[in-house]
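Residue numbers (the working numbering), protein chains in the order written: chain A, 12 to 419; chain B, 94 to 480. The C-beta atom is built at its ideal place from N, Cα and C for all residues, glycine as well. The structure presented is a predicted model; accordingly, all values stated were derived computationally and were not measured.
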């Protein structure tokens, strides 16, 4: 049977089967099992209504349990067994083996980089785009163009950016836009401006911003009032921010001291460490539209009185944005940030298609795929999947707690 | 908003320029791929795609007519004609010639309209911008005509040959037709089936009272973020054990399972916002839950259903991992487009004309869906994350 026909039959059987199941099971419940007539009509109706939700939920619970619930536990079990020994229980041996591999720590380091850079950059660009496009007439067109990469697959985006990063030997015409721009720099005044002054300024602003956030986080600890857990969280995140600010400051020195190979076309994806950022650009490019759409809706939801009051008090546009608008949409920013964090933790296609983890660009999801399907080592593969799960679980718990709060 | 207090923002022009810059930056990469897919391999490697949009200057070597085209005027042999129209190679007629030369040492020695005398003053040559020339010689001409170098400004040139190669040639390496159909076969059932299952479950969670409801909703919120990486090995083992193996059925089931949490979450949020009166009135009138669901809830929930359908469609169409694990076997007959492109990246990494075209074929459908149904997509995003 041709796949297309098979697909059609599956749609008919699947959809028809579902509808049929719901229809006939309800019919059976109402007419045969607990008919709403006869001497026990009232009791039967109540009983039928007790069972009915489970008829409606049945297929969903079955599918969720089998395809998402069961695998969590099965993967946990597999990570403690060894496939070559017929699935014998080996305790934490897989984890030990994995922790001893430099490639795993490379993946962890890169994932942490991704976790910091991609959500931050996407949210920042998204916020910028949302704020700017909301103030102009053709804003909706601009929005839909920035939003467009959301529809493009990670693989398609990888091809798009491989063309951007393409390098030809020196002397040939460059067909990758990045190298074409790079070849314009010759070490003169323009190069100084764009490659030294501009990056130093950007890094300095970034460091100042992060340090300010760290200060905001740390300041309330002294004044007291919060409970000990909140204080600890504030202390940790505040110190992390300060540390990031320090790293940024140290990089300023690196940039100043760096010797650029002018006139040499660069194959960007093979430059260790920095190639990670060229891969991240792809995801930032895709996710900015998402952040923009959500944040733009949040910005429009801000009560106008607050902005009017600020204008009357003589605030300038920057003050209005940072002191009035941003604090009011903070919850939305957190939601956007966590959503992108989830995407980042699972990022696979981009690395797989562009470098396949070579040149020190490995990430956890690709590491896992390597272990599972190339090395055929299900134990270590499952162990790395569990690591991804562990990284996700704080967000999972937070989401569930939030959802329970809303329900009440 | 800044105009509220009667002040016109002086930043307005700066905002416009920044947005233009941002949009261009975001569009640039995609446009590059699109333009490249309409260029030949030679054009792509000869110049950056951004130059393809403008007329380019090119030096071409052509020949005048030879002895058989010559006529005798007194003691002169004369050849007249049009270089662009007479020769099969070189630029199309219509290209504008700016300079010419008759020696390979000075290919752009003369401007059009000038007359050059060469070969010890025995020959003269002149031509205009359209390519019409006059070549004279005091001696009888050889069979082959005179070599002429022209510098011409060529209009931008594009070709559909790449799409022909990728879609119609049937070349087993490059052809995307099969992968396109396979992708479609994966996508459509994997979009429709979870919607049906999720709609019933969402209705139960939104409008039925039963013990454990809150717990179930919390569980679904939790499952929303479970990484599907966790599910790969256990489910592949399961599929192999119960005989589904690798194939369409497996990938449909997997996509259904992975799509359900979001589907139930979105639909439940939407359905629980529907007015209670309608449902209670219908109950009073004696409608069963099944009737309420199919006749009232489903039609009213259309926007939410459309939102999720777009999500799931984009996600299954663009997916690589699930297809690689649950669908594509060693024969490669069931390859999908994303996988085909990754393979092309390996085998034809330098052939940008094929890569660009293949990638564009694969992203064109999601882009169409995106621009046609953007409203629902945005609504779904807002419902799914801002809560």
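Quick check on residue i: does DSSP put it in helix, strand or coil?
i              : result
residue 198(B) : coil
residue 92(A)  : strand
residue 401(A) : helix
residue 279(A) : helix
residue 239(B) : coil
residue 359(A) : coil
residue 155(B) : strand
residue 108(A) : helix
residue 226(B) : strand
residue 210(B) : strand
residue 428(B) : coil
residue 192(B) : strand
residue 388(B) : helix
residue 384(A) : helix
residue 217(A) : helix
residue 245(B) : strand
residue 99(A)  : strand
residue 371(A) : coil
residue 99(B)  : Confidence at residue 99(B) is low in this model, with a pLDDT of 42, below 50, so its placement is unreliable and the value that follows should be read with caution. In the structure shown, residue 99(B) sits in coil (DSSP, three-state: anything other than H, G, I, E or B).
Specify, as a first and last residue, the run of the alpha helix (DSSP H) that residue i falls within.
i              : result
residue 141(A) : 113-144
residue 315(A) : 315-323
residue 417(B) : 414-419
residue 376(B) : 369-377
residue 405(B) : 395-411
residue 220(B) : Note, residue 220(B): premise wrong, no alpha helix (DSSP H); beta strand (DSSP E) at 216-220.
residue 128(B) : 105-129
residue 309(B) : 306-316
residue 280(B) : 270-300
residue 354(B) : 341-364
residue 423(B) : Unbroken run through residue 423(B): none, as it is neither H nor E.
residue 459(B) : 445-465
Let me check understanding here. Comparing Cα to Cα, which of the options lies closest to residue i?
i              : options                        : result
residue 228(A) : 242(A), 357(A), 350(A), 195(A) : 242(A)
residue 449(A) : 63(A), 170(A), 51(A)           : The requested residue 449(A) is not part of the displayed model; chain A covers only 12 to 419.
residue 389(A) : 136(B), 255(B), 324(B)         : 324(B)
residue 148(B) : 248(B), 355(B), 284(B), 314(B) : 248(B)
residue 118(B) : 165(A), 245(A), 122(A), 157(A) : 157(A)
residue 416(B) : 161(B), 464(B), 341(B)         : 341(B)
residue 246(B) : 132(B), 188(B), 390(B), 336(B) : 188(B)
residue 337(A) : 395(A), 138(A), 124(A)         : 138(A)
residue 150(A) : 115(B), 377(B), 426(B), 355(B) : 115(B)
Answer yes or no: do residue i and residue j have a C-beta to C-beta separation smaller than 7 angstroms?
i              : j              : result
residue 172(B) : residue 228(B) : yes
residue 189(A) : residue 263(A) : no
residue 372(B) : residue 357(B) : no
residue 356(A) : residue 399(A) : yes
residue 298(A) : residue 344(A) : no
residue 280(A) : residue 176(A) : yes
residue 266(A) : residue 210(A) : yes
residue 280(B) : residue 410(B) : yes
residue 431(B) : residue 421(B) : no
residue 166(A) : residue 291(A) : no
residue 86(A)  : residue 393(A) : yes
residue 121(A) : residue 374(A) : yes
residue 367(B) : residue 393(B) : yes
residue 169(A) : residue 361(A) : yes
residue 210(B) : residue 217(B) : yes
residue 130(B) : residue 449(B) : yes
residue 71(A)  : residue 390(B) : no
residue 335(A) : residue 349(A) : no
May I ask which residues mark the beginning and end of the beta strand (DSSP E) holding residue i?
i              : result
residue 174(B) : 169-175
residue 284(A) : Where residue 284(A) is concerned, there is no enclosing beta strand (DSSP E), given that its DSSP letter is neither H nor E.
residue 164(B) : 164-166
Following a CB-centred definition, is residue i positioned closer than 6 angstroms to any heavy atom of the ligand COA?
i              : result
residue 228(B) : The ligand COA is not among the ligands present in this structure, which contains no ligands whatsoever.
Are any of the Cβ atoms in chain C nearer than 7 angstroms to that of residue i?
i              : result
residue 148(B) : No chain C appears in this structure, whose protein chains are A and B.
Cβ-based contacts, 7 angstroms cut-off: residues of the segment 428-443 of chain B near chain A: 431, 434, 435, 438
Where the segment 81-106 of chain A meets chain B: residues whose CB sits under 8 angstroms from a CB there: 81, 82, 83, 85, 86, 89
Within 8 angstroms of chain A by C-beta, residues of the segment 318-329 of chain B in sequence order: 318, 319, 320, 321, 322, 323, 324, 325, 326, 327, 328
Short-range partners of chain B found in the segment 364-386 of chain A, where Cβ spacing is below 7 angstroms: Listed by position, the residues of the segment 364-386 of chain A near chain B (Cβ gap below 7 angstroms) are 364, 376, 379, 383.
Chain A contacts made by the segment 116-144 of chain B, where a contact means CB separation under 8 angstroms: 116, 119, 120, 121, 122, 123, 125, 126, 129, 137, 138, 139, 140, 141, 142, 143
Residues of the segment 114-140 of chain A whose Cβ lies closer than 9 angstroms to any Cβ of chain B, in chain order: 136, 139, 140
Within 7 angstroms of chain B by C-beta, residues of the segment 394-411 of chain A in sequence order: Result list: 396, 399, 400, 403, 406, 407, 410, 411.
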